[in-house]
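Here's the structure we're looking at; comments come further down.
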Amino acid sequence: MLTISRELVDKIIAHARADHPDEACGVIAGPAGSDRPERFIPMENAECSPTFYRFDSMEQFRVWREMDDRDEEPVVVYHSHTATEAYPSRTDISYASEPNAHYVLVSTADADEVQFRSYRILDGVVTEEEVTIVPS
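For the sequence shown, the numbering used here begins at 14 and goes up steadily by one.
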């Protein structure tokens, strides 16, 4: 189960809407081993694409090094889908490399309604998990 603050959910959704029609992406860091998302880190989609996302390799290196220096880890890895439901694609599954992370997908396909869903992806197996949103 992912427990996340309303503030962080709102930031992810705002990022997804701001980058639409391209996919948005980023991470939420938290203290290593805590499973507690705390620090919102929006990242650039190096693909600038409405159907695919990829972290810029230099930005990812810098962000992951910063997390290491702060004794943090990526608790949430998020991105948006702009024309499909919030479910991991085959590419998303193949790129999932953080075994302890919650993979959050936001669909901005419907301008009036946003889907916000979370998954665990381990060894190619996708498991949807409950999301509990707590007050900020």
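Every residue gets a Cβ at the ideal spot worked out from N, C-alpha and C, and that includes glycine. Note that the coordinates shown come from a computational prediction; the quantities given were computed from them, not determined experimentally.
* **Residues that DSSP places opposite residue 58 in a beta bridge** => For the purposes of this step, residue 58 is taken as residue 45 along the sequence shown, with counting starting at 1. DSSP lists 68 as partners of residue 58.
* Do you know offhand how far residue 78's Cα is from residue 45's? -> Stepping through the sequence shown from its first residue, residue 78 is reached at position 65. Stepping through the sequence shown from its first residue, residue 45 is reached at position 32. Each residue's Cα considered, the two are about 13 angstroms apart.
* To do: With distances taken Cα to Cα, identify the nearest neighbour of residue 133 among 75, 125 and 111.
  => Translated into positions along the sequence shown, residue 133 becomes position 120. Checked all of 75, 125 and 111; the closest Cα to residue 133 is 111.
* To do: Identify the continuous alpha helix (DSSP H) that holds residue 16 and give its terminal residues.
  => Working through the sequence shown from its first residue, we reach residue 16 at position 3. Run containing residue 16: none in the alpha helix (DSSP H); it sits in the beta strand (DSSP E), 15 to 18.
* To do: Kindly confirm or deny that the region 50 to 58 and the region 94 to 107 touch, where touching means at least three C-beta pairs closer than 8 angstroms.
  => no
* **Pick from 149, 128 and 136 that is closest to residue 91, judged by C-alpha positions** => As a first step, residue 91 is located in the sequence shown; it is residue number 78 there, counting from the start. The residue with the shortest Cα to Cα distance from residue 91 is 128.
* Assign residue 124 to buried or exposed, taking buried as 16 or more other Cβ atoms, counted over all protein chains shown, within 10 Å of its Cβ. => Along the sequence shown, one-based indexing puts residue 124 at 111. The residue is exposed, with fewer than 16 neighbouring Cβ atoms inside 10 Å.
* Drop a sphere of 10 angstroms on the beta-carbon of residue 109, count the other beta-carbons inside from all chains shown, and report buried for 16 or more, exposed for fewer. => Translated into positions along the sequence shown, residue 109 becomes position 96. Per the 10 Å Cβ criterion, buried.
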